[in-house]
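S.K.: FYI, in our numbering the residues of the sequence shown are 275 to 517.
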Amino acid sequence: MKIDIMTLFPGMINAVMRESIIGRAQDKGLVRVRAVNIRDWASDKHHKADDAPYGGGRGQVMLPEPLYRCHDALTRGEPVHTVLLSAQGAPFTQEKARQLLAKGRFILVCGHYEGIDQRFIDACVDEEISIGDFVLTGGEIPAMAVADAVCRMVPGVLPDEEAFTEESHWDGLLEHPHYTRPETWRGRAVPEVLLSGHHANIVRWRRKMSLLRTRRDRPDLYAAFQPRDKQDRKILAEIEQGT
275 MKIDIMTLFP GMINAVMRES IIGRAQDKGL VRVRAVNIRD WASDKHHKAD DAPYGGGRGQ
335 VMLPEPLYRC HDALTRGEPV HTVLLSAQGA PFTQEKARQL LAKGRFILVC GHYEGIDQRF
395 IDACVDEEIS IGDFVLTGGE IPAMAVADAV CRMVPGVLPD EEAFTEESHW DGLLEHPHYT
455 RPETWRGRAV PEVLLSGHHA NIVRWRRKMS LLRTRRDRPD LYAAFQPRDK QDRKILAEIE
515 QGT
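(1) How far does the alpha helix (DSSP H) with I403 in it extend, from its first residue to its last?
(2) Look at the Cβ atom of P284, then the Cβ atom of N311, and state whether they are nearer than 8 Å.
(3) Would you mind working out which of Q362, I509, D400 and L469 sits nearest T458, comparing C-alpha positions?
(4) If contact is defined by three or more beta carbon pairs under 8 Å, each pair taking one atom from either stretch, is the region 400–413 in contact with the region 360–376?
(5) Out of K302, P327, L282 and A289, which has the shortest C-alpha to C-alpha gap to M275?
(6) Can you give, in chain order, each stretch of the alpha helix (DSSP H) that sits fully within the region 301–379 and has at least 4 residues?
(7) Is it true that the CB of A323 sits closer than 8 Å to the CB of M336?
(8) Could you tell me the alpha carbon to alpha carbon distance between A511 and R480, rounded to whole angstroms?
(9) Can you give me the C-alpha to C-alpha distance between L348 and D278, rounded to a whole angstrom?
(10) I need the DSSP call for G385, collapsed to helix, strand or coil.
(11) To the nearest angstrom, how far is the alpha carbon of A463 from that of K482?
(12) In whole angstroms, what separates the C-alpha of R487 from that of V354?
(13) Let me confirm a value: I395 is counted as buried when at least 16 other C-beta atoms fall within 10 Å, else exposed. Which label applies?
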């Protein structure tokens, strides 16, 4: 997996993506997350990457030429899927992360200031993605969130596939609760089923807790959920009956 992140602040990207699980994956050569400084492709001695917007208004707009030259240097004329992190983009989901994983390589573009010149978007961007209905000072944090979500699914990055297939949103549900030692903490006990050693009962309990948590916290996901087997249908019936 190769991800290039076009940014005005490569230090932000490197400080995070070289640490922890993704950092170790990069050391092993399983993934490559490269921060590329857009200013390196500016044409003036001051490495100017922004200017005042036509039509007036507050703030600055990122210039199209440094963006284009940076993008062209990365793609070398070949088609590479390019994503702009934008508050106007489609919501980022686990399914979108899987789609990006399948591409093997893609480019993330981090906007800044009031935004970037629309002509670069029209010329080079394939899709816009948002991580939520709010506005940040730049696209670096969303870009790192997208890169992390994709890279952790690359084979070998996590111990096994279940490390991410049993988590929230993989199959449209929220994840079940987790417990560790001690068995009783400040008067609160671990559910007995988790101490039973009965694997099938534990699996069923976790599935039921996942469904209950989704119904409580994300009724929109619960309403859209489709049971995967007979056991799911039985658990759903128990939930609806309040048992």
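Cβ coordinates follow ideal geometry from the N, Cα and C atoms, glycine included.
M.R.: On the basis of the data shown:
(1) Segment E401 to S404 is the beta strand (DSSP E) holding I403; no alpha helix (DSSP H) there.
(2) yes
(3) L469
(4) yes
(5) The residue with the shortest Cα to Cα distance from M275 is K302.
(6) 338–349 and 368–377
(7) Yes. Within cutoff.
(8) 16 Å
(9) 8 Å
(10) coil
(11) 19 Å
(12) 39 Å
(13) buried
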